[in-house]
Amino acid sequence: MDLMTPNKIEEDNLSYQKPPKEILDLVDVPRAPFVHMDRKGKYMLFIYRDSYQTIAALSEEELRLGGLRVNPVTNIGSRTIYYNNLQVKLLKAEILTQVIGLPKEPRLANFIWSPCQAKLAFTHTTLVGVEIWVLDMETAKASALTSANANANLGNPITWFEDSNALLVRLLPAQKMELINTVTAIPTGPTISISDGSKAQNRTYQDLLKNRNDEHNFEALTTSELHKVHLDGQREKWLKSAGMYRSCLVAPNGEYVQVMTMQPPFSYLVPYSRFPHLSTLHTKDGSLIKVINEVPLIEDIPKGFMSVRKGRRMLQWRSDHAASLIWAEALDEGDAGIEVPFRDAIYEWAAPFDTKPKLILKTINRFDSIEWGTDTFAIAHDYWWNTRNTKVYQFNPSDISEEPKLLFDRNYQDKYNDPGTFLTQENQLNRTVLMVQGNALFLIGEGHSEAGQFPFVDQFNLETKVSKRLYQSTYTDKLEAIYFPIDLEKGDFIVRIESRVEYPNYFIRNIFKEEDLTQVTTFENPFKSIQSVHKEVIKYQREDGVELSGTLYLPIGYDKTKLEKKPLIMWAYPREFKDNKSAGQVTTNSNEFIYPYYGSMVYWVTRGYVVLDDASFPIVGTGKEEPNDTFKTQLVANAKAAIDAVDALGYIDGKRVAVGGHSYGAFMTANLLAHSDLFAAGIARSGAYNRTLTPFGFQSEERNYWEAPEIYNTMSPFM
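Counting in our numbering, the sequence shown runs from 17 upward without gaps.
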């Protein structure tokens, strides 16, 4: 044995290596742009970006504080995805217009449409900071509104005023706090943790604050001034004082603004989303009206995924009213373990906010969202993780005595019986409300079924609760996704159509005339070197009868008549279910375009490998059983069933199989290598493997270590 060999290998591989040409050709090919559309269906915005970030960009300085990952030089999230070009197209025109006035070497992000949908604001990150820009969609001209002094460390720093003529922007303070170099700084005292005897459990979080220096840097990086920035570049300070401003929400009539401001004390146990914050109500000129919510530090939410904090949650503006605040409050003290007939109460508080808030609805499960219609009509959604149940209510927000009508009561993991999502439209306040015609609403559904995927448009009768199908895609060799209507009366909808070899493109389809299809974009397949690859969704069974599936790719040039035995790479991610029926449903489509993205296993078909992508790995717990009670057994059974299914087709050598996954899929990989002899190799990408280091729950496990020590120990692959 040559003891020097490992060091020699290490020296020989100090530089980054390039993949084989077959893979490199796929990596370097220019991609088609992403497409954004305004809500009115007038403009299409084409947004371009590089396929991959450079090593230099990935090497930029990063601070991890309070759950944030930021670049302290530029004051924006260090993992921000940047775009490098913009083009504009009128939906029904053929001409594609290049946006003029863009900065040199654009690094664009944080796109946000104006309320009138005729302008687009965004950020540009320079070497020293973040600028605010605006694009006029009609002229396709972009211009800078600020210098590189915006603060995007807490996310998008831009809020539009309702008149679409000015922005409310978070800018760096004139007197910005200096950052402490935590590597060289001398501690001023110990970091002390105190147990006050109260019971609390928190999941294990990344990137938490650790000491006073971290606290100082966190406050320095998240403190901003709020400025009103006009489209001509003029600006004035909107609030006098700097603060750790998290968000600003303008009322539909533009007269009021809700501001959420983070406050100390900070925590070393939870991320910034659970730090104290104050919600205040202001006039459009910035004058304070009143405090509308005070949230303390939240370190002790009761156990359970459906537990929440006490007090007002999810403050938002009602979209069909000029200025009415809406929020939820827990009726079970926020404790999912307390049995109550109703979990949440929903309140409304209308301008001028000088009366008592009004109760408008109680939900059986935890409140999720409301889609507004009229003064007397709205749709509410709730959900409950433990049972996978969701309910959809029709209710009268003006009369709490009127009993809500239950429209849907279903398992949200049951994709075969998903009724779809309600269509919305813009109202006179430039906000989205339900699209209502008489006593009917409209639904767009993905259309998953045992026979395949056939998206649809339904008309839903509110009186009979019966849906009438207006249109259903009939493609068996393509995939059609239905987006939104341009003109519901005429039946014109925006759709996207793709196939295994045809890049996704947008069309205008008339749902009342099946042959009426107008192409809007003409993106070509940039991956023609793999367009001949065989792709299919295969179905098979686990030994206990649970239906499974996966997307199978055969190597380039593979001759199915010869059945040459090839190595297999299987890529998967475990998912938890409460019933076998939902676990066995197929929600992948073999007609999806073959798109080798950065983490894709599809690249390996160029190297002679069979690939089974997105292999089903359900972990099922029925009744009172929890899915993880038999995690290891089900994991191995899923893997064995997948290998046996592909092997039975004659394509693979069953002794040359590798398994891989990302995050919880990496955890899965380590368990399969530790507890089975099915695999020759594994790719565990960015995982956590010792569950005892996450003693208060992980992934979909609600129980803590002391409630289920055998589960934690058994699921940890190296224990």
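Built from N, CA and C at the ideal position, the CB exists for glycine as well.
When the options are compared against residue i, the one with the closest alpha-carbon
{"i": "G713", "options": "P542, T155, K372 and Y221", "result": "Y221"}
{"i": "K306", "options": "E349, S289, G350 and F369", "result": "F369"}
{"i": "G249", "options": "G637, L184 and L628", "result": "L184"}
{"i": "P357", "options": "A367, A346 and A631", "result": "A346"}
{"i": "A156", "options": "A137, Q475 and S163", "result": "A137"}
{"i": "Y272", "options": "L341, A396, G461 and E78", "result": "L341"}
{"i": "N269", "options": "L375, A366, L445 and L255", "result": "L445"}
{"i": "E349", "options": "K319, S335 and Y728", "result": "K319"}
{"i": "S67", "options": "T685, Y613 and L628", "result": "Y613"}
Euclidean distance between Cα positions of residue i and residue j
{"i": "P22", "j": "G677", "result": "Low confidence applies to P22: its pLDDT is 49, below 50, so where it sits in the model is not reliable enough to give any reading."}
{"i": "R80", "j": "F593", "result": "34 Å"}
{"i": "K135", "j": "I148", "result": "13 Å"}
{"i": "L285", "j": "I63", "result": "39 Å"}
{"i": "S553", "j": "S565", "result": "Checking the sequence shown, residue 553 turns out to be Val, not Ser. Going from the Cα of V553 to the Cα of S565 covers about 7 Å."}
{"i": "R123", "j": "L689", "result": "42 Å"}
{"i": "E121", "j": "N100", "result": "7 Å"}
{"i": "T296", "j": "G703", "result": "41 Å"}
{"i": "W333", "j": "N126", "result": "22 Å"}
{"i": "V626", "j": "V549", "result": "10 Å"}
{"i": "P420", "j": "D384", "result": "16 Å"}
{"i": "R525", "j": "V511", "result": "7 Å"}
{"i": "M330", "j": "L265", "result": "12 Å"}
{"i": "L19", "j": "L30", "result": "Because the pLDDT at L19 is just 37, under 50, the model does not fix this residue reliably, and the value given afterwards should be weighed accordingly. So the alpha carbons of these two residues sit roughly 19 Å apart."}
{"i": "G327", "j": "A344", "result": "8 Å"}
{"i": "W401", "j": "V245", "result": "43 Å"}
{"i": "H232", "j": "L533", "result": "58 Å"}
{"i": "L377", "j": "T406", "result": "16 Å"}
Contact test: residue i Cβ vs the ligand MN heavy atom, cutoff 8 Å
{"i": "N181", "result": "This structure simply doesn't include the ligand MN, nor any ligand for that matter."}
Outcome for residue i when other beta-carbon atoms lying within 10 angstroms are tallied against a minimum of 16
{"i": "S257", "result": "exposed"}
{"i": "D398", "result": "buried"}
{"i": "M735", "result": "exposed"}
{"i": "E723", "result": "exposed"}
{"i": "Y667", "result": "buried"}
{"i": "T480", "result": "exposed"}
{"i": "N455", "result": "exposed"}
{"i": "Q469", "result": "buried"}
{"i": "M17", "result": "For M17, the predicted structure reports a pLDDT of 31, less than 50, and the residue's modelled location is therefore unreliable. A value from the coordinates is still provided. Exposed is the call here."}
{"i": "D474", "result": "buried"}
{"i": "E505", "result": "exposed"}
{"i": "P46", "result": "exposed"}
{"i": "P280", "result": "exposed"}
{"i": "R359", "result": "buried"}
{"i": "Q429", "result": "buried"}
{"i": "Y32", "result": "exposed"}
{"i": "E418", "result": "exposed"}
Per-residue DSSP class, three states only, for residue i
{"i": "R591", "result": "strand"}
{"i": "F62", "result": "strand"}
{"i": "H232", "result": "helix"}
{"i": "A690", "result": "helix"}
{"i": "W401", "result": "coil"}
{"i": "L265", "result": "strand"}
{"i": "E462", "result": "coil"}
{"i": "G566", "result": "strand"}
{"i": "T155", "result": "coil"}
{"i": "K581", "result": "coil"}
{"i": "G57", "result": "coil"}
{"i": "S75", "result": "coil"}
{"i": "T710", "result": "coil"}
{"i": "Y519", "result": "coil"}
{"i": "F383", "result": "strand"}
{"i": "T141", "result": "strand"}
{"i": "M32", "result": "For the record, residue 32 in the displayed sequence is Tyr; it is not Met. Note: Y32 maps to coil in three-state DSSP."}
{"i": "N620", "result": "Reading the sequence as shown, one finds Trp at residue 620 and not Asn. Reduced to three states, the DSSP call for W620 is helix."}
{"i": "I416", "result": "coil"}
Minimum Cβ-Cβ distance from residue i to chain D less than 9 Å
{"i": "V517", "result": "Absent from the structure: chain D. Only one protein chain is present."}
Review point. Just checking, does the region 667-677 make contact with the region 576-591 on the three C-beta pairs under 8 Å criterion?
Key: yes
Practice item. Determine, using beta-carbon pairs with one atom in the region 688-705 and one in the region 594-607, whether at least three such pairs fall under 8 Å. Key: no
**Study point:** Segment contact, 8 Å Cβ cut-off, at least three pairs: the region 563-583 with the region 81-97
**Key:** no
Point to revise | At least 3 beta-carbon pairs within less than 8 Å: the region 40-51 vs the region 533-551 | key: yes
Point to revise | Any 3 or more C-beta pairs closer than 8 Å across the region 228-239 and the region 192-206 | key: yes
Practice item. Mind the definition here: the region 641-661 touches the region 556-574 only if three or more C-beta pairs lie below 8 Å; say whether that holds. Key: yes
Check your understanding: Three or more C-beta pairs closer than 8 Å, one from the region 407-420 and one from the region 364-380: is that the case here?
Key -> yes
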